[in-house]
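Worksheet: the structure to be examined is printed underneath.
In the working numbering, the protein residues as written are -6 to 183.
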C-alpha cells in the first residue's frame, strides 16, 4: 500500500486519518508501516470493511473528501460496493525496504514467472506501462486481455520487485524497471 501525494499534506497535518480502498482482499495489515509520498510514513491502526452507502460525511472528510458522494465518485464504484476502511496515523517508523536485486537477477525472476504462466506476460506489461505511463489500470488491462483486478495484481507483483511505481492515476516504471525492460530481449521472453 502506498499513500499518494493527493492528500499527503492533509495526512501530515492530521486532517486525514482514514482511507477507503476498493480491494478484493486487504493489501495492508494492522501495524504495517507504509510510505507517504513524497516523504514520511503512516502506520495502519485499524482495518475493517464498510459499504459505501453507510459512510458518513465525517468519515468522508477524515478521508479527505467533502462528502460521501465525492468519495464514491473518486473510487469509481457504486454506493453498494463494500470497501476496505483503513485507519492510520503518522509514524516515525521506517517502512521495510524493497529487496535489492540487480537487473539480471530481476530479469531471471521474471523469466521464471513467465515459464510458469500460460503465456509470457511480464515483459509485455512492462512495455505497456512504459508506453502508457499514468494510465488507469482499467484502460491498460484490455491490451493484455485481462480484467482490471488481474492486471492490478500482476502489476503489484512487478512493484514488489521494484519495477513499477504507482502514481495517483496509473503507473510508471522505476529506473530498475527501465533497465530490466531494456534487457527483455536477452532474458525475458517477450
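We put the beta carbon where it would ideally sit given N, CA and C, even for glycine.
Inter-residue spacing [alpha-carbon to alpha-carbon] between residue i and residue j
i	j	result
residue 168	residue 156	8 Å
residue 42	residue 138	30 Å
residue 52	residue 11	7 Å
residue 59	residue 14	17 Å
residue 83	residue 166	27 Å
residue 4	residue 19	21 Å
residue 154	residue 128	20 Å
residue 9	residue 66	18 Å
residue 24	residue 62	30 Å
residue 121	residue 102	19 Å
residue 170	residue 148	12 Å
residue 123	residue 69	25 Å
residue 97	residue 161	29 Å
residue 33	residue 71	32 Å
residue 158	residue 177	19 Å
residue 174	residue 119	6 Å
residue 183	residue 113	The pLDDT assigned to residue 183 is 41, lower than 50, so where the model puts this residue is not dependable, and the model offers no usable value.
residue 172	residue 49	46 Å
residue 81	residue 111	39 Å
residue 93	residue 29	21 Å
Within-9 Å CB hit, residue i to chain B
i	result
residue 21	In the structure shown, chain B cannot be found, because there is only a single protein chain.
Beta strand (DSSP E) segment containing residue i, residue limits
i	result
residue 81	75 to 84
residue 158	157 to 159
Exposure of residue i, with buried meaning 16 or more beta-carbon neighbours within 10 Å
i	result
residue 21	buried
residue 163	buried
residue 77	buried
residue 115	buried
residue 105	exposed
residue 85	exposed
residue 47	exposed
residue 107	buried
Extent of the continuous alpha helix (DSSP H) run through residue i
i	result
residue 117	115 to 124
residue 51	50 to 55
residue 149	141 to 153
residue 94	Counting along the chain, residue 94 falls outside any alpha helix (DSSP H), and DSSP gives it neither H nor E.
residue 166	Run containing residue 166: none in the alpha helix (DSSP H); it sits in the beta strand (DSSP E), 164 to 166.
residue 135	130 to 137
residue 64	61 to 68
Mind pulling the beta strand (DSSP E) runs of 3 or more residues that sit fully within the stretch 1 to 46?
You should have 11 to 14, 26 to 28, 34 to 44.
Below 8 Å, can you find three or more Cβ-Cβ pairs linking the stretch 115 to 134 to the stretch 143 to 153?
Because the criterion of three Cβ pairs below 8 Å is met, the stretch 115 to 134 and the stretch 143 to 153 touch.
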